[in-house]
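Enquirer:
Protein chains in written order, with the working numbering: chain A, 1 to 508; chain B, 1001 to 1341.
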């Protein structure tokens, strides 16, 4: 029998009794990681519907990275839910217009079409997806798959080549309700009132992946939701997992080992080993598409961080520009940095007026650009300062913690304090690796020290006492290794078991 | 005009530009960082080297205050001498390298006088700290690159250079009488030991900082609980000393002192909590810390019991420093086996 951490559960063998045990049991987790607690500016459990914006920018790059070709001309009238771009290659990805109106422009970047800009006419309706309806949910799988392939939801495998792998290749589905970032959208808001729809969506997905095991993973902050869902969900074949809200548990690289007890196919995505990881919003979108016939044209986006006057959630059409959402809600005093989805790994939104929210945007974060600290900032008790070290009073008091972009110290040589090693979720030694990359020693040694295991969670940089950007140095090291022609052949997952990849295509 | 711009303007004045690093350092200490993150991660932990080192100083406060209470203003004079002379070397190197003054010195400058006997002449303090900072740290390239604990390099140098001052003349707290008998010497001579209470409060001859052992333990635990120092090495060190001395005492009671005497005499606690845990010079890997701690315990006991010296903490830590890279190398080569071709 393999050791407990590699043991694979047989989902079908779980009984109702086990289900109860899973939701009341101690939360599972992984070694390393860090729990971000109590930051000021958590999104409240309230939702504002933004309605139809005056224009949207729809990216011609699919969330899977597929380039799409526009099927509409400048000036053409479009309706919300209408197909306006398609992928020319193997994957049948489509792009739907999220508003009704007319094509204003096709934006170019680097000489190639980059996005379609649509001026909206203010009409709130959308084109219903054909064949959808309450009876479709229990209809033949082919109908469901056709509806999903028309719905604009990206990366769900169907028989119509909508994703990297086929529907029959899906071995496992993980429904990811884990919030472990500094700021995350409220799972109770998104899922809490729609548990029945969530259960219905799981039912729909089980019809198209009849042989797949289903796992639902929530963190301990949504413990009661998990319990409710476990009673609402269809019986049998679903396991419920309570996980610690420890960063980066929400990422598929950590969900796969913790939930399924399987190694992650390094250098690839979870889907390449037959595991489909879906967030709650996407699962609900499946329900909306199949049962209500509603195309995936809007997203719930949290407005988090101290930069907003009120930390609400908004329902906005995909493609709404960030400035339209944040401008009326940002504090007038001070300069703020806008970050998409995650303060640890997300990108900075430098031009909010030309950056739209995409199909994978669920959080817009505004943190102060703090170029000055107070007097003697290293001293003082630090009631509102977060730290992995237990050297601040904030650790022992329930006060909200401040988030800002200051470095909180000057860069110094590494003193081997070991913090990066303690938090690293993939158990490598960032402090050791960064020395090699810094001295440009790029050879088998850093491969031996498993540099390619790094999943770019940036936690090592976050905790570094010496303010060294360890994660960037490790990224540089990985890039240099890839440039020298090294391709990771994951020893944990044999390449012949990977799906939806061409073996010529480079990893990393 | 606030402080930041004052320092900025001073740095721009031509005649003082060569001292810009000093202004930068002062500015950093007083007003903090003026840099923001370039990209992801957009926020960073609030721990920084200055706070890290400040925490070590706080942990050393009970020992420091006790030293001043026990030995009067002369102890304070030793500490000030150490800071001034070591500081000159540190600043000189910062000016030459044109890099900020490194905060690690604040700890070295305090630890060094605390490991000296209270009878040490001030000029010996000055020579020792300058030697320690120069040869123990700066010649290797500064903090983070040094192999040996700089305070111990200084201590080792003065011990060898001035043996009559550093290992033969001790003084108990609140007395003026010079004695040559630390508790470890008493044990070697087969004389009766002072009571445990006196050892805990440090009312026996010894180095200034190691005496008030309750304060040393409190400071050490504080560092472990705040994660400033790692628990593995001191635990392994003290446990090894306790286990092997219990064993040794059972077989050779005259030669090897029992565990409670071993733990509560000499610099063992001070060394285990404040010197062996120096992250730069101790093994980096978790397993290496255990190995280093066990090695320290064995070497300390060997020197204490079987060598010409009655105290072995300093030598064993220097020896462990020497072996730290090798220990890490072995641990890493076991943990990360070379790929089979």
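Ideal Cβ positions, reconstructed from N, Cα and C, are used throughout, including at glycine.
1. Pick out whichever of 287/A, 317/A and 474/A has its Cα sitting closest to the Cα of residue 534/A.
2. Using only the alpha-carbon positions, how far apart do residue 1080/B and residue 1107/B sit?
3. Could you compute how far the alpha carbon of residue 436/A sits from the alpha carbon of residue 1121/B?
4. Taking just the CA atoms, how far does residue 103/A sit from residue 495/A?
5. Can you name the start and end residues of the alpha helix (DSSP H) that residue 200/A belongs to?
6. Taking the C-alpha atoms as reference points, what is the distance between residue 986/B and residue 1316/B?
7. Any idea which residues DSSP pairs residue 113/A with across the strands?
8. Using only the alpha-carbon positions, how far apart do residue 374/A and residue 154/A sit?
9. Check for me: the beta strand (DSSP E) holding residue 988/B runs from which residue to which?
10. Reducing DSSP to helix, strand and coil, say where residue 1336/B ends up.
11. Under 7 Å, Cβ to Cβ, is there at least one residue of chain B near residue 417/A?
12. Of the residues 367/A, 176/A and 210/A, which one's Cα is nearest the Cα of residue 348/A?
13. With 7 Å as the limit, tell me which residues of the stretch 1030 to 1061 of chain B have their beta carbon closer than that to any beta carbon of chain A; keep them in chain order.
14. Identify the contact partners of residue 1311/B in chain A, using a Cβ-Cβ distance below 8 Å as the criterion.
15. Residue 380/A CB to nearest chain B CB: under 7 Å?
16. Hey, residue 475/A and residue 456/A are a contact pair by Cβ (cut 8 Å); roughly how many whole angstroms apart?
17. Are the stretch 181 to 195 of chain A and the stretch 39 to 46 of chain A in contact at 8 Å, needing three or more beta carbon pairs?
18. By Cβ distance, which residues of its chain are closer than 6 Å to residue 360/A, with the 5 residues on each side in sequence left out?
19. Residues bridged to residue 1179/B by DSSP?
20. Using 8 Å as the threshold, is the stretch 1023 to 1032 of chain B in touch with the stretch 375 to 391 of chain A, meaning 3 or more CB pairs across them?
21. Can you check whether the C-beta of residue 241/A is within less than 7 Å of a C-beta belonging to chain B?
22. Considering only the alpha carbon of each residue, which of 1041/B, 1101/B and 1184/B lies closest to residue 1256/B?
23. Do you know offhand how far residue 1059/B's Cα is from residue 1248/B's?
24. Who are the neighbours of residue 1149/B on chain A, taking C-beta pairs under 7 Å?
25. Under 7 Å between beta-carbons, which chain A residues line up against residue 1336/B? List them in chain order, please.
26. Extract the residue ranges of the beta strand (DSSP E) inside the stretch 313 to 353 of chain A, only unbroken runs of 3 or more that lie entirely within it.
27. With DSSP as the reference, label residue 28/A as helix, strand or coil.
28. Taking Cβ to Cβ, would you say residue 274/A is nearer than 7 Å to residue 499/A?
29. Would you check if the distance between the CB atom of residue 314/A and the CB atom of residue 356/A is smaller than 7 Å?
30. Short check: CB of residue 1213/B to CB of residue 1200/B, under 7 Å?
31. Against chain A, with Cβ distances strictly below 7 Å, would residue 1219/B count as a contact?
32. Alpha carbon to alpha carbon, how far is residue 166/A from residue 159/A? Give it in angstroms, no decimals.
33. Beta-carbon separation of residue 1296/B and residue 1276/B under 7 Å?
34. Once you ignore the five residues that flank residue 1217/B on each side, which residues in its own chain have a CB closer than 7 Å to its CB?
35. Of all Cβ atoms in chain A, is any one closer than 7 Å to the Cβ of residue 1280/B?
36. Flag residue 1284/B as yes if its beta-carbon sits less than 7 Å from any beta-carbon of chain A, otherwise no.
Expert: Considering the structure as presented:
1. Chain A is shown from 1 up to 508; residue 534/A falls before or after that span and cannot be answered.
2. The residue you call residue 1080/B lines up with position 80 of the second chain. The residue you call residue 1107/B lines up with position 107 of the second chain. Rounded to whole angstroms, residue 1080/B to residue 1107/B spans 13 Å at the Cα level.
3. Start at 1 with the first residue of the first chain, and residue 436/A comes out as number 436. Start at 1 with the first residue of the second chain, and residue 1121/B comes out as number 121. The straight-line gap from Cα to Cα measures roughly 45 Å.
4. Against the first chain, residue 495/A aligns to sequence position 495. Against the first chain, residue 103/A aligns to sequence position 103. C-alpha separation (whole angstroms): 44 Å.
5. For this step, residue 200/A is matched to residue 200 along the first chain. That run of the alpha helix (DSSP H) goes 195 to 208.
6. Past the boundaries of the shown model lies residue 986/B; chain B is included only from 1001 to 1341, so the question cannot be answered.
7. Here residue 113/A refers to the residue found at position 113 when the first chain is read from its first residue. Paired residue(s): 108/A.
8. Reading the first chain from its first residue, position 374 is the one you call residue 374/A. Reading the first chain from its first residue, position 154 is the one you call residue 154/A. Approximately 47 Å, taken between the alpha carbons.
9. With chain B covering only 1001 through 1341, there is no way to say anything about residue 988/B.
10. In the second chain, residue 1336/B corresponds to position 336, counting from 1. Looking at residue 1336/B - three-state DSSP - the assignment turns out to be coil, as it is neither helix nor strand.
11. Taking the first chain and counting its residues from 1, the one referred to as residue 417/A is at position 417. So, interface residue.
12. By 1-based counting over the first chain, the position of residue 348/A is 348. That would be 367/A, whose Cα lies nearest to the Cα of residue 348/A.
13. 1030, 1031, 1032, 1033, 1034, 1035, 1036, 1037, 1039, 1040, 1041, 1042, 1043, 1044, 1045, 1046, 1047, 1048, 1049, 1050, 1051, 1052, 1054 and 1055
14. Numbered from 1 along the second chain, position 311 holds the residue referred to as residue 1311/B. The premise fails here: residue 1311/B is roughly 27 Å from chain A at the closest Cβ pair, so nothing lies under 8 Å.
15. On the first chain, position 380 is the one that residue 380/A refers to. Cβ-Cβ to chain B under 7 Å: no for residue 380/A.
16. In the first chain, residue 475/A corresponds to position 475, counting from 1. In the first chain, residue 456/A corresponds to position 456, counting from 1. Confirmed, about 6 Å.
17. yes
18. Here residue 360/A refers to the residue found at position 360 when the first chain is read from its first residue. Here the set comprises 63.
19. Along the second chain, read from residue 1 onward, the residue named residue 1179/B stands at position 179. Looking at the DSSP assignment, residue 1179/B forms a beta bridge with 1170/B.
20. yes
21. Start at 1 with the first residue of the first chain, and residue 241/A comes out as number 241. With 7 Å as the cut-off, residue 241/A does not count as an interface residue toward chain B.
22. One-based indexing of the second chain puts residue 1256/B at position 256. The shortest Cα separation from residue 1256/B among 1041/B, 1101/B and 1184/B belongs to 1184/B.
23. Taking the second chain and counting its residues from 1, one reaches residue 1059/B at position 59. Taking the second chain and counting its residues from 1, one reaches residue 1248/B at position 248. Cα to Cα, residue 1059/B sits roughly 33 Å from residue 1248/B.
24. As a first step, residue 1149/B is located in the second chain; it is residue number 149 there, counting from the start. Result: empty, since nearest Cβ-Cβ is about 12 Å, beyond 7 Å.
25. Position 336 of the second chain, counting from 1, holds the residue named residue 1336/B. In chain order: 448, 449 and 450.
26. 313 to 317 and 336 to 340
27. One-based indexing of the first chain puts residue 28/A at position 28. DSSP places residue 28/A in strand when its eight states are reduced to three.
28. Looking up residue 274/A in the first chain gives position 274. Looking up residue 499/A in the first chain gives position 499. Closer than 7 Å, so yes.
29. Residue mapping note: residue 314/A aligns to position 314 of the first chain, counting from 1. Residue mapping note: residue 356/A aligns to position 356 of the first chain, counting from 1. Going by C-beta atoms, residue 314/A is not nearer than 7 Å to residue 356/A.
30. The residue labelled residue 1213/B in the question sits at position 213 within the second chain. The residue labelled residue 1200/B in the question sits at position 200 within the second chain. Cβ distance < 7 Å, so residue 1213/B and residue 1200/B count as in contact.
31. For the purposes of this step, residue 1219/B is taken as the residue at position 219 of the second chain. No, no contact with chain A.
32. Position 159 of the first chain holds residue 159/A. Position 166 of the first chain holds residue 166/A. Roughly 6 Å between the two C-alpha positions.
33. Looking up residue 1296/B in the second chain gives position 296. Looking up residue 1276/B in the second chain gives position 276. Cβ atoms of residue 1296/B and residue 1276/B: closer than 7 Å.
34. Here residue 1217/B refers to the residue found at position 217 when the second chain is read from its first residue. Contacts found: 1269.
35. On the second chain, position 280 is the one that residue 1280/B refers to. Residue 1280/B counts as touching chain A.
36. What you label residue 1284/B is simply residue 284 of the second chain in a count that begins at 1. Cβ-Cβ to chain A under 7 Å: yes for residue 1284/B.
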